[in-house]
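Participant: According to the UniProt record's numbering, numbering within the sequence shown proceeds without interruption in unit steps and concludes at 466.
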Amino acid sequence: MSRLREVLKLSLPLSAAQVAQSAMIFCDSIMFGILGVEELAGAGLGSAIFNFILVVISGLLAAVANEVAFHTGRGAQKDIIRIVKAGLILVVIVAAMVALAMKVTPALLLGMGQEPQAVAYASQYLGQAAWISLPAFAFMVLRGLAAGMSRTTSIMRISFAAVALNVPLSYALMTGWRFFPELGIAGVAIGTALVSVFMCVMLVLDLNRYAEVREVLSGLTKIRSRLVDFKPFYSLGLPIMLAWTMEAGLFTAATLLAGAMGAVALAAHQIALQAASMSFNIYIGFAQGASIRVGQCYGEGRMGELKSYAWTGLSLGGLFCLVSALVFLLLPEQIVGLFTLGGEGALDQDVLTLGVSLLAVAAIFQVVDGAQVIMMTALRALRMGATPTLITVVGYWLVGFPVAWLLKGQWGIVGVWMGLGVGLGFTAICLTTLFNWRVNRALKGELQKENSTFVTAPTESQLTHN
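(1) Would a check of beta-carbon distances place Leu-8 closer than 7 Å to chain B?
(2) Comparing C-alpha positions only, which one of Ser-15, Arg-224 and Met-199 sits nearest to Val-84?
(3) List the endpoints of the continuous alpha helix (DSSP H) containing Glu-115.
(4) Express the C-alpha separation of Gly-75 and Leu-420 in angstroms, rounding to a whole number.
(5) Rounding to the nearest angstrom, what Cα-Cα distance links Leu-217 and Thr-153 in this structure?
(6) DSSP on Arg-5, reduced to helix/strand/coil?
(7) Which residue's Cα is closest to the Cα of Ala-136: Leu-194, Glu-115 and Val-228?
(8) Output needed for Thr-312: all residues of its chain with C-beta closer than 7 Å, excluding positions within five of it in sequence on either side, in chain order.
(9) One question on the structure: do Pro-232 and Ala-63 come within less than 7 Å of each other, judged by their Cβ atoms?
(10) Who are the near neighbours of Gly-73 in its chain, counting only those whose CB is closer than 6 Å to its CB and skipping five residues on each side?
(11) Would you mind working out which of Leu-354, Leu-45 and Val-213 sits nearest Leu-142, comparing C-alpha positions?
(12) Closer than 8 Å by C-beta to Val-373: which residues in its own chain qualify, once you throw out the five before and the five after it? Chain order, please.
(13) Just the C-alpha distance for Ala-363 and Val-228, rounded to the nearest angstrom, thanks.
(14) Starting from Asp-229, trace the alpha helix (DSSP H) both ways and give me its first and last residue.
(15) Threshold first: 4 residues or longer. Then list the alpha helix (DSSP H) segments lying entirely within the region 356-384, N to C.
(16) Hey, Leu-314 and Leu-379 are a contact pair by Cβ (cut 8 Å); roughly how many whole angstroms apart?
(17) If you count every other CB in all the chains shown that lies within 10 Å of the CB of Arg-293, and 16 or more means buried, which is it?
(18) List, from N- to C-terminal side, the alpha helix (DSSP H) runs of 4 residues or more that fit wholly inside the region 65-118.
(19) The alpha helix (DSSP H) with Tyr-171 in it runs from where to where?
(20) Which residue from Trp-244, Val-394 and Ala-265 puts its Cα closest to that of Ser-58?
(21) Distance check for Met-418 and Leu-207, CA to CA, integer angstroms please.
(22) Would you kindly work out how many angstroms separate the C-alpha atoms of Gly-337 and Leu-352, rounded to a whole number?
(23) With Pro-388 and Ala-360 assumed to form a contact (beta carbons below 8 Å), what rounded beta-carbon distance in angstroms separates them?
(24) In chain order, what are the residue ranges of uninterrupted beta strand (DSSP E) at least 3 long that sit wholly in the region 265-328?
(25) Just how far apart, CA to CA, sit Ala-101 and Phe-139?
(26) Hey, out of His-269, Leu-322 and Phe-339, whose CA is closest to Ser-357's CA?
(27) Can you give the beta carbon distance from Leu-382 to Arg-302, rounded, assuming they're within the 8 Å contact cut?
(28) What are the boundary residues of the alpha helix (DSSP H) that Thr-252 is part of?
(29) Under 8 Å, with one C-beta from each stretch per pair, do the region 158-174 and the region 100-117 reach the 3-pair mark?
(30) What residue range is occupied by the uninterrupted alpha helix (DSSP H) comprising Ile-185?
(31) Three or more beta-carbon pairs under 8 Å between the region 39-59 and the region 198-206, yes or no?
(32) According to DSSP, is Tyr-121 part of a helix, a strand, or is it coil?
(33) Would you identify the three-state DSSP class for Arg-178, choosing helix, strand or coil?
(34) According to the Cβ coordinates, are Ser-47 and Tyr-125 closer than 7 Å?
(35) Identify which residue in Val-327, Gly-237 and Ser-308 has its Cα closest to the Cα of Met-278.
(36) Helix, strand or coil, according to DSSP, for Leu-40 in the structure here?
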C-alpha cells in the first residue's frame, strides 16, 4: 500500500497537469461548436494540428523529468541544473521553429485536399496559436523539474486554476463579452496563450517555496551550458519524441482522412479525438508517476523495487482506462452534445449519430492505448531509447495505418478508427513483452551493472542511454 500511495501522490498532480494542457484545447473545440459545425470542423482541424505539435515537443522535453529523477536519486544537483538550463534554451529554439511552421501550414493543408473553408478557419486558429508555444514548452521543462524532484503538488494547483481561467477568458475574447474585443476563432487561441503564460509564471513562483528546487532555479544563471548538456535530448528525448510523433501522427493522418470525407466526418472525428485525448492525458499521469519512482530507484541502484513501482503504475492506469471506456459507452450522446450544444440542424444530427459510433470504437481500444503508453513510459525510466521507438513505428504505421486505410472504404471514418485500434493493440503487446524482458534483466542484476558503469563516469557516459 505504501508504494500505491507514493505513486498516487506523484501521479494525480501529473495527471491534472496533463489534463489541464489537453483541457484547454478540449474547451477550445467546445467553443468552436458555439460558432457552428463548419467552424468546429475547420478550427478543430487547426487545434488538432497544434495539439499534435504540443505532443511531439513534449516527447522531446520528457527527457528532463527522466534525467532529474535519475540525478535526484544520485544526489547530483549540479547535473539537475544543467539539464534544466539546456531544456529552457532548447524551448526558445523550438518555439521559434513552431511559429515558422504555423505560417506555412494553411498552404500545406490546401495541397492535401482539405476544403478551403475549413482551411480558412484552421488558419485563423493557427495564426494565433503560435503564441502558446513558448510558455507551454517552458512549463513542460519546469514541470519535469518539479516531477523529477517529487514536488508535484504545485503542478496540480496551478493546473486547476488554469482550466478555471481558460474557459471564461477564451469565451470572452471569442464573443466580445463586455469590454473584450470580439475576435472569433483567433480569440480562443489568444485566451489559451495568455493562460499558458499564467501557468508558467505561477509554477516558477510556487516552486521557489521549496529550498532544493529554489537552489536549482537560482543556479541556472551561474552555470555555463555545454554542448554535452544537450545530449539527453537527442539520446533519450528524440526517441521519445519520435515515438510520440508516430502515435500523434497516426491520429493526425486520420484527421486528414476525415477532412477529405467532408465536414460531418471531420467534426465527428474531432469530437472523438478530443474525448480520447482527455482520457489519454489522465492515464499517462499514472505512467509518469510510476516512472519517476522507477528512475529514482534506478539512480540509487535499488533494482529490486523497479518491478513493483512499474506494475503499480500499470494497474492504476489500467483501472482508469476501463472507467474511461465505460463512460464512452454509457454517455456518448452527452459527450457529443458538449460540442454540438444540442443543435437541431441536419448537420448537427449527422454529427451526433456519427460521433456516437466513433466513441463506441474509441472505448474498445482505450485499454490497449493505455497499456502501450504506460509500458512505453516505464521503459523510458529504464533508459531504453531506440527499441521501444522502433516498435511504435512498426505498430502504428506498418500495422495500424494500412488497416485504417483498408477499412475506410467500407466503414468510412469508423473504419479508420478501427484500424487505429488494431495498431495500438499490436504495439501494446510488443511493448509489454519488451518490458517483462527488461524487468527480468533488472532482477538478475544486469541493469545494476549498467547503472554502476553509468555513475562512475560523470560526464559523457553519464548521459549515455541504451
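The beta-carbon is built from N, C-alpha and C at its ideal position, and this holds for glycine as well.
Facilitator: So, to answer that:
(1) Considering every chain present, this structure includes no chain B. It has just one protein chain.
(2) Arg-224
(3) Note, Glu-115: premise wrong, no alpha helix (DSSP H); not H, not E.
(4) 43 Å
(5) 18 Å
(6) helix
(7) Leu-194
(8) Arg-3, Leu-4, Val-7 and Ala-290
(9) yes
(10) Gln-296, Gly-299 and Glu-300
(11) Val-213
(12) Phe-280, Tyr-283, Ile-284, Ala-287 and Gly-317
(13) 44 Å
(14) Per DSSP, Asp-229 belongs to no alpha helix (DSSP H) and is neither H nor E.
(15) 366-381
(16) About 12 Å; that fails the 8 Å criterion.
(17) buried
(18) 77-111
(19) 153-175
(20) Trp-244
(21) 43 Å
(22) 7 Å
(23) Going by Cβ atoms, the distance from Pro-388 to Ala-360 rounds to 30 Å, so no, they are not a contact pair.
(24) none
(25) 21 Å
(26) His-269
(27) Incorrect: roughly 13 Å between the Cβ atoms, too far for contact.
(28) 238-259
(29) no
(30) 185-207
(31) no
(32) helix
(33) coil
(34) yes
(35) Val-327
(36) helix
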